[in-house]
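**Student:** First the structure, then my questions, so here it is.
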Amino acid sequence: MGLAAAENKRKLGTDPNNTRWSRNTDTFGQKLLRAQGWEPGQYLGAKDAPHAEWHTKANTTHIQVTLKDDNLGLGAKRNSGNECTGLDAFQLLLGRLNGKAEDVLEAEKKAIEEVKIGRYLASKIGTIRFVKGGWLVGDQLTETPVEETEKPVETAATETSTSSDEEAPEPVSKKSRKRKAEDTTREDNEKPSKKDKKSKRRKTNEAGSDDEEVSSKHKKKKPRKHRTESEENESQREKEATSASEEEVDAAALDPKKARKERREKKAREKQEKQEKKEKKERRRREKASSGSGPETGGSKREKKRREDKDSTSTSEDLTKASPPVESGASTPIGSGYSTPVLGSARFLSRQRFIAQKRMAFADTVALNQIFMIKS
Amino acid sequence: MNYNASAGPELEPSSFPTQTQRVIPVMADKGIKRSSMDTDGSSDPKRAKTDPKYNKYLAHYDDNQAQNDFSSPLDQLERHKTTTQQATKCEDSDLNPWTGQPHSQQYFNILQTRRNLPVCQQRKEFLEMYHSTQILVFVGETGSGKTTQIPQYVLYDELPHQTGKLIACTQPRRVAAMSVAQRVANELDVELGQEVGYSIRFENKTGPKTMLKYMTDGQLLRESMHDHEMSRYSTIILDEAHERTLATDILMALLKQIAERRKDLKIIVMSATLDAQKFQTYFFDAPLLAVPGRTHPVEIFYTPEPERDYVEAAVRTVLQIHATEPEGDILLFLTGEEEIEDACRRINLEVDDMVRESDAGPMRVYPLYGTLPPAQQQRIFDKAPEPLRKGGRPGRKCIVATNIAETSLTIDGIVYVVDPGFSKQKIYNPRSRVESLLVSPISKASAQQRAGRAGRTRPGKCFRLYTEKAFKKELIEQTYPEILRSNLANTVLELKKLGVEDLVHFDLMDPPAPETMMRALEELNYLACLDDDGELTELGSRASEFPLDPALAVMLISSPEFYCSNEILSITSLLSVPSIWVRPNNARKRADEMKQQFAHPDGDHLTLLNAYHAFKGAEQSGADAKQWCHEHFLSPRHLMSADNVRAQLKRIMETHDIELISTPFQDKNYYTNIRRALLAGFFMQVAMRESSNSKVYKTVKDDQLVMIHPSTVITSPYDWVMYNEFVLTTKQYVRTVTNIRPEWLLEIAPVYYDLEAFDKGEIKSALTRITEKIRRRQAMKGGA
């Protein structure tokens, strides 16, 4: 706590715990208890009770709690955020001296950097991210729900695998993020060297994360439905190379056939008003498909197939997802795919989406031509 | 099936954020004495003890052998040898086997749903186990139907019309007892109060025909004070035992003893799964029967890092859910009234923005806490709002609640739960003698309970605003039972009355801390409820008849000595209900001005009394009481319940021949007498000013530094004050304070204020000075 911190002065008596009373062996209560056979240090209650194995400290002394007068969340420390800096570098040095492998050190360094970025973001925008923590079935915590509960898993899994990247909780300061996203997209189109692509892709993955936010899910899905078989094969090959989710986000950006992409975008824009309906329908369809009860249309069949593909890759995806270093002390990896979408504030979100749409329109010559009614 | 809810949310002690537990909320009766208030006029207390005819607890001896005058399929059944088929046949018959009347159509409809309950699948298993054992631990998740069905299964096996003995089923909450009894009466197609009844504090809806009785755990405890063997009952079912209320804990210990003496008494302990093993071990390794509930899986999410501000995080999470998750209502747990109202405001603002600027669906936000008027509490059951336009995004509701929504209320449609991991919990510190509601982390069991709320209607999600590590490391396994968190003065008095001699070895499931027990004994000794050998005195025995804290009871019993028992009775009632003062955020100043109208310069107790008298005056003059209260910023609801409590207490006073008198109002000692009478019960809650002009007071004997709570009306406090409660916030406050004179202390409580017993210090020297002064004055008088 720095000098500037709010002063919280409180006058304490000479004996705030009243140990004088507790040490006094002459009190009526103590005398009476002793007369009935109690010795200091013993539990009250039946002698040799079989249930005594459950007794805790609370049975020997009153429950002690710390007075909470702030809104600090559970597990948060008051001084987090302004602790000593530079210690991490020192730690790395010590690690090197102790003969740690380079790659381990590298990983550590990366982790530290991510913590820093994460903290910066948290203080700047303060989004709430979540990591999955299993299922509560009845009142037992399980990793996966059982039997009848399988349905929801499936939907959840597919949902997350399709949406995880958009929701990837790796927010970068919002404005720059958008710009960056565009830049990388352009770059990608210009020089689609494969290696580069991969690394960039991760960046776009992060950066483009909340460009589309809510609507993105269906916006992206829709165009994909129009794909031909060959394309699908192609995408599958791609999937094998990278993780399924990454591919998804970049699908638009990476597609070499620019024209088609434009057309798709146009369509997407045109159907903007209908999106909500679509989204609803799609969700319903997905639910139906997963439960396997509803009649399957051709589209949903294909979708299902795709999902199956994804499921097959999902294990590897999980692995790759889990491997990147984790935020600070958190015991679970972030971005495990189950997090809720990132969102600064509601207003921010809608505005952002609006801007993103505009920007897209301006970047798209076909769309511009249509807007200005120029025949090309 | 949420009868808890449909009966209207009622209050619970644990949910009064501003009230410490020293007062008894009328509507609630967890952990307080209740009883004997429902004595009906016919039973004469003097004869009651000797003649079973006049003892209402033994009244069933008279007509128990009366056989039904109609032939019933039940006649062929043999007690404790029935089978599921036989019972099913009886249930399916056209005539009601209990009343002889034809079954209604509604009965068969309900029967259908009853047969679908998970617990019904295990009826056979249950009966076999029930036949073979005296004590049975039954575990069933919420929604299994155990509360309504198990007592009925027992009913068809015990055949109470043959033995004349009742089946009791206890509930921790009054509302639950009432609503479940109503439900079961419908299920059995009988009238509530006849074959099926309920008994709660202030209300006894049972009759001579009653076979199955739902009651609060405290009510059963009160009954056992007069009937140590619980001889009225053939079976006692302790429901919701996992909640571990004070009364349930003591009942369990008592039943454990009684079970040894009465081998014919059957006991069923019903609990949630979590600590079933503990119950089994406690009850001589009783057999266990488990029934799965009907809940959907809930997906749990944690934050990757601790949150810096849990309220902020909670608000954001709610908005995030609203923006991105499919249809379904949200339940957010926060700690107290202020926090909840604040969060509601913020969510509302943000949602308005969201709706305006994007196509988000509408969201309605409802607060829910104990002190909220019932009408507003009821609103949480409203349907979620419709989409703003046809085909638009669905609307939803968001309920921001205290832990009242954790167990006591079932709200359908909740799919998302947001859990910051805190709640307000009662804590008692025997060293400083402070009982307070403090914000502290919940337990793992509590967290699971909260998460489970999301899976009532369909698979849901629970967002925990803490890390998985915090969940594992920082949360305790189980919430501490109430017995470890309360002042036990009242409990010890009850135990003494129940004939428990050896308090040290009383076999409680969770024995309290020795210091807590010592403090309770000490307090009772100073109040003269226990003599120096620890035996119950005459005063103690009388005090235990009042459903009040011992200090309040003693004050009430000794009030005639000060010629003001009427007034003390009113004050006691007012202190037993939630605060009657209303102070809305938008009209604080006005409310304070209004309160000033009733203010008495010498104390808050007297101010309470003035307000009550004004209220009664307004009522008598024919004014619209509600309107009058509204104008004067008083809570009509709490004033009415104070009125109700007063009537009940008055009846008890009359049965114990405690005189009801008043000093004439014109007498200059009118208020002084009252202040002195207050001290008769509260002489242990006195503080002395540290130094003149200082705002800090020091409590007598415990030496805690306190300040007078800003809500007081006293403008010029004396050097000595007495207080009703000790409040722990960032500072230590005493609330509801009255000026007193130190001379009174020496006169009224000479044992407690025995100078020998004091340690050296300011308080001792002050008291010595006063003793000197009194002596000199008396000497002068003697000399004159």
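Read top to bottom, the protein sequences are chains A and B.
Residues in the first sequence are numbered consecutively from 54, following the numbering used here.
Residues in the second sequence are numbered consecutively from 5, following the numbering used here.
By construction, the Cβ of each residue, glycine as well, lies at the ideal position given by its N, Cα and C atoms.
Alpha carbon to alpha carbon, how far is R118 of chain B from E132 of chain B? Give it in angstroms, no decimals.
**Tutor:** 20 Å
**Student:** What does G144 of chain B reach in chain A if we use C-beta pairs closer than 7 Å?
**Tutor:** Near G144 of chain B there are no residues of chain A at all, since even the closest Cβ is about 11 Å away, more than 7 Å.
**Student:** Residues in its own chain within less than 7 Å of P122 of chain B by CB, not counting five upstream and five downstream?
**Tutor:** S148, G149, V295, P296, G297, R298
**Student:** Compare the beta carbon distance of R435 of chain B and D763 of chain B with 9 Å and say whether it is the shorter of the two.
**Tutor:** no
**Student:** Determine the DSSP secondary structure at E792 of chain B, reduced to helix, strand or coil.
**Tutor:** Nothing about residue 792 of chain B can be reported from this structure: the residues present for chain B run from 5 to 788 only.
**Student:** Counting only the same chain and skipping the five closest in sequence on each side, list residues whose C-beta sits under 7 Å from that of R248 of chain B.
**Tutor:** P485, E486
**Student:** Closer than 9 Å, CB to CB, is G148 of chain A near chain E or not?
**Tutor:** No chain E is part of this structure, whose protein chains are labelled A and B.
**Student:** Tell me whether C533 of chain B sits in a helix, a strand or coil according to DSSP, three-state version.
**Tutor:** coil
**Student:** Where does M215 of chain B land, buried or exposed, given buried means 16+ other C-beta within 10 angstroms?
**Tutor:** buried
**Student:** Which residues does DSSP list as the beta-bridge partners of R468 of chain B?
**Tutor:** B:Y306, B:D423
**Student:** What are the residues of the stretch 713-733 of chain B that lie near chain A, defined by any Cβ-Cβ distance shorter than 8 Å?
**Tutor:** L732, T733
**Student:** Quick one, which of B:S76, B:K620, B:G144 has its alpha-carbon nearest C94 of chain B's?
**Tutor:** B:S76
**Student:** L556 of chain B by DSSP, collapsed to three states: which one?
**Tutor:** helix
**Student:** DSSP puts V273 of chain B in a beta bridge; with which residues?
**Tutor:** B:V141, B:L242
**Student:** Just to confirm before moving on: does the CB-CB distance between M688 of chain B and Y530 of chain B stay below 9 Å?
**Tutor:** yes
**Student:** Is the beta carbon of E361 of chain B closer than 9 Å to that of S403 of chain A?
**Tutor:** Against a cut-off of 9 Å, the Cβ pair of E361 of chain B and S403 of chain A comes out as a contact.
**Student:** Rounded to whole angstroms, what is the Cα-Cα separation between T113 of chain A and A517 of chain B?
**Tutor:** 5 Å
**Student:** Got a sec, what are the start and stop residues for the beta strand (DSSP E) Y737 of chain B sits in?
**Tutor:** 736-743
**Student:** Out of B:R127, B:L682, B:A627, B:E331, which one is the CA nearest neighbour of R462 of chain B?
**Tutor:** B:E331
**Student:** Please list the partners that Q138 of chain B has in chain A, where partner means a Cβ-to-Cβ separation under 8 Å.
**Tutor:** None at all; the shortest Cβ gap to chain A is about 17 Å.
**Student:** Quick check: what's the CA-CA separation for I778 of chain B versus A245 of chain B?
**Tutor:** 56 Å
**Student:** Looking at the structure shown, is T195 of chain A part of a helix, part of a strand, or coil, going by DSSP?
**Tutor:** If DSSP states are grouped into helix, strand and coil, T195 of chain A belongs with the strands.
**Student:** Using Cβ-Cβ distances below 8 Å, what residues of the stretch 695-709 of chain B are close to chain A?
**Tutor:** Taken in chain order, the members of the stretch 695-709 of chain B whose beta-carbon sits within less than 8 Å of a beta-carbon on chain A are V700, K702, K705, D706, D707, Q708, L709.
**Student:** Tell me which residue opens and which closes the beta strand (DSSP E) that Q175 of chain B is part of.
**Tutor:** Its beta strand (DSSP E) spans residues 170-175.
**Student:** In whole angstroms, what separates the C-alpha of D122 of chain A from that of S444 of chain B?
**Tutor:** 10 Å
**Student:** Is the stretch 228-242 of chain B close to the stretch 269-289 of chain B, with three or more CB pairs under 8 Å?
**Tutor:** yes
**Student:** For Q3 of chain B, count the other beta carbons within 10 Å of its own beta carbon; 16 or more makes it buried, fewer makes it exposed. Which is it?
**Tutor:** Since the first residue of chain B shown is 5 and the last is 788, residue 3 of chain B is not available in this structure.
**Student:** What does the alpha-carbon distance come out to for the pair Q109 of chain B and N120 of chain B?
**Tutor:** 18 Å
**Student:** When DSSP builds the beta bridges, which residues end up paired with P122 of chain B?
**Tutor:** Answer is none; P122 of chain B lacks a bridge partner.
**Student:** Measure the C-alpha to C-alpha separation of K451 of chain A and T495 of chain B and round it to an integer number of angstroms.
**Tutor:** Nothing can be reported for residue 451 of chain A: it is not among the residues displayed for chain A, which extend from 54 to 429.
**Student:** For the candidate residues A:N422, A:A409, A:G186, whose alpha-carbon lies nearest to that of F475 of chain B?
**Tutor:** A:G186
**Student:** Give me the DSSP bridge partner(s) of A294 of chain B.
**Tutor:** Note: A294 of chain B is bridge-paired with B:V143 in the DSSP secondary-structure output.
**Student:** Evaluate S427 of chain B with the Cβ neighbour count: other Cβ atoms within 10 Å of its Cβ, from every protein chain shown; 16 or more gives buried, anything less gives exposed.
**Tutor:** buried
**Student:** Output yes if chain B places a C-beta closer than 9 Å to the C-beta of M413 of chain A; else output no.
**Tutor:** no
**Student:** May I ask you to verify whether the stretch 448-461 of chain B touches the stretch 247-261 of chain B, counting CB pairs closer than 8 Å and requiring at least 3?
**Tutor:** No, because fewer than three Cβ pairs between the stretch 448-461 of chain B and the stretch 247-261 of chain B fall closer than 8 Å, the two stretches do not touch.
**Student:** Contact between the stretch 306-318 of chain B and the stretch 180-190 of chain B is defined here as three or more beta-carbon pairs at a separation below 8 Å; is this criterion met?
**Tutor:** no
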